Amino acid sequence: GAVVSQHPSRVICKSGTSVKIECRSLDFQATTMFWYRQFPKQSLMLMATSNEGSKATYEQGVEKDKFLINHASLTLSTLTVTSAHPEDSSFYICSARMWDRGNTEAFFGQGTRLTVV
Amino acid sequence: GEDVEQSLFLSVREGDSSVINCTYTDSSSTYLYWYKQEPGAGLQLLTYIFSNMDMKQDQRLTVLLNKKDKHLSLRIADTQTGDSAIYFCAERRYNQGGKLIFGQGTELSVKP
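Same order as they appear, the protein sequences are chains A and B.
Taken in order, the first sequence gives residues 965 to 1081; the numbers are from my numbering.
Taken in order, the second sequence gives residues 4 to 115; the numbers are from my numbering.
Here is the structure:
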């Protein structure tokens, strides 16, 4: 149990286009999902926290109009990188917190490698 | 400061024990976690410890917590080549909505 699936695992897009990344909790309900960005050889930087049915809370310095987050159900959150530029190239990882384990554990997706050319 | 600190690299021989250290900053943190990341992959939760515990053991893994010094360690017994990866510690900050703050990761290299 406790599987978080991210799709796609890799995506290459042209500069100026938008890319949507999906994060699904496959066998549990996730009240809260998190989106992180990771640069090579660096730690994970929290971008935003999304709760089902409400607006995402963005970390300082993260542009909410550029990184659109939708958490439409207890099993799905999406991150859309709008008007992507090469500097948006990065590894994006989502995680989901389990409702029925007292919110103690967060499980991570396998990540999405975004390359903007 | 705000950061969770880890040493960047650790190299051990197969069969030895590995000890990865971490210092965190927020005394209100309720849970502390260890994650493993293999190249190009997401994070795998290895173990976690509640802040009122000193030690937690799970098979080859032993977590020690010194709450006074805000120091956390992960010991891997009988380290194998398959343990080579990056290990992240993280603190769950109670006063910041429970968000996870990660260290910069320790790259463990296991030599045969």
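For glycine and all other residues, C-beta sits at the position ideal for the given N, C-alpha and C.
On a predicted model such as this, the values are computed, not experimentally measured, just so you know.
- Query: Do we get a CB-CB distance below 9 Å when we pair B:Leu46 with the residues of chain A?
  - Reply: Translated into positions along the second sequence, residue 46 of chain B becomes position 43. Yes, B:Leu46 counts as interfacial toward chain A.
- Return yes when the Cβ of A:Thr1042 is within less than 9 Å of the Cβ of A:Ile976, no when it is not. In the first sequence, the residue the question calls residue 976 of chain A occupies position 12. In the first sequence, the residue the question calls residue 1042 of chain A occupies position 78. Contact flag unset, no.
- Would you mind stating whether A:Ile1057 and A:Tyr1022 have Cβ atoms separated by less than 9 Å? The residue labelled residue 1057 of chain A in the question sits at position 93 within the first sequence. The residue labelled residue 1022 of chain A in the question sits at position 58 within the first sequence. Their beta carbons are not under 9 Å apart, which means A:Ile1057 does not touch A:Tyr1022 by this criterion.
- Task: Spatial neighbours of A:Leu1040 within its chain, please: CB distance less than 6 Å, with the 5 preceding and 5 following residues excluded, ordered by chain position.
- Result: The sequence position of residue 1040 of chain A within the first sequence is 76, counting from 1. Around A:Leu1040: Arg988.
- Roughly how many whole angstroms lie between the Cα atoms of A:Ser1014 and A:Val1081? Here residue 1014 of chain A refers to the residue found at position 50 when the first sequence is read from its first residue. Here residue 1081 of chain A refers to the residue found at position 117 when the first sequence is read from its first residue. Roughly 29 Å separates the two Cα atoms.
- Message: Going by beta-carbon coordinates alone, are A:Ala1070 and A:Ser1059 separated by less than 9 Å?
- Response: On the first sequence, position 106 is the one that residue 1070 of chain A refers to. On the first sequence, position 95 is the one that residue 1059 of chain A refers to. Judged by their CB atoms, A:Ala1070 and A:Ser1059 are nearer to each other than the 9 Å cut-off.
- Task: Determine the chain A residues that contact B:Leu111 at a beta-carbon separation under 7 Å, and present them in chain order.
- Result: Indexing the second sequence from 1 puts residue 111 of chain B at position 108. None at all; the shortest Cβ gap to chain A is about 14 Å.
- Message: Does any residue of chain B have a CB that is nearer than 9 Å to the CB of A:Ile1057?
- Response: Position 93 of the first sequence holds residue 1057 of chain A. By this cut-off, A:Ile1057 is an interface position.
- Taking the C-alpha atoms as reference points, what is the distance between B:Tyr27 and B:Lys70? Locating residue 27 of chain B in the second sequence gives position 24, counting from the first residue. Locating residue 70 of chain B in the second sequence gives position 67, counting from the first residue. Taking C-alpha positions only, B:Tyr27 is separated from B:Lys70 by approximately 9 Å.
- Could you please tell me which residues of the segment 1000 to 1021 of chain A, in chain order, have their CB closer than 7 Å to any CB of chain B? Taking 7 Å as the Cβ-Cβ cut-off against chain B, the residues of the segment 1000 to 1021 of chain A that qualify are Gln1006, Ser1007, Leu1008, Leu1010 and Thr1013.
- Message: Let's see if you can read the secondary structure: which residues bound the beta strand (DSSP E) around A:Val1045?
- Response: For the purposes of this step, residue 1045 of chain A is taken as the residue at position 81 of the first sequence. From DSSP, the beta strand (DSSP E) with A:Val1045 extends over Leu1040 to Val1045.
- For the beta strand (DSSP E) that contains A:Phe1031, what are its first and last residues? Along the first sequence, one-based indexing puts residue 1031 of chain A at 67. Note, A:Phe1031: beta strand (DSSP E), Phe1031 to Ser1037.
- Query: How would you list, in chain order, the residues of chain B whose beta-carbon sits under 8 Å from the beta-carbon of A:Gln1074?
  - Reply: Position 110 of the first sequence, counting from 1, holds the residue named residue 1074 of chain A. The answer, in chain order, is Ala44 and Gly45.
- Find the residues of chain B that neighbour A:Glu1069, judging by a C-beta separation of less than 9 Å, and give them in chain order. On the first sequence, residue 1069 of chain A is found 105 positions in, with the first residue counted as 1. By Cβ distance, chain B contributes Tyr34, Tyr36, Leu48 and Tyr51.
- Length of the line joining the Cα atoms of B:Ser21 and A:His1035: Along the second sequence, one-based indexing puts residue 21 of chain B at 18. Along the first sequence, one-based indexing puts residue 1035 of chain A at 71. The straight-line gap from Cα to Cα measures roughly 40 Å.
- Taking B:Ser31 as the reference, which of B:Pro115, B:Lys102, B:Ser76 and B:Gln9 has the closest Cα? Here residue 31 of chain B is taken as the residue at index 28 of the second sequence, counted from 1. Comparing Cα-Cα distances from B:Ser31 to each of B:Pro115, B:Lys102, B:Ser76 and B:Gln9, the minimum goes to B:Lys102.
- B:Gly18 and B:Thr82: beta carbons closer than 9 Å? Numbered from 1 along the second sequence, position 15 holds the residue referred to as residue 18 of chain B. Numbered from 1 along the second sequence, position 79 holds the residue referred to as residue 82 of chain B. For B:Gly18 and B:Thr82, yes; Cβs fall inside 9 Å.
- Expressed to the nearest angstrom, what Euclidean distance is found between the alpha-carbon atoms of B:Asn24 and B:Ser76? The residue you call residue 24 of chain B lines up with position 21 of the second sequence. The residue you call residue 76 of chain B lines up with position 73 of the second sequence. If I take the Cα positions, the gap works out to 4 Å.
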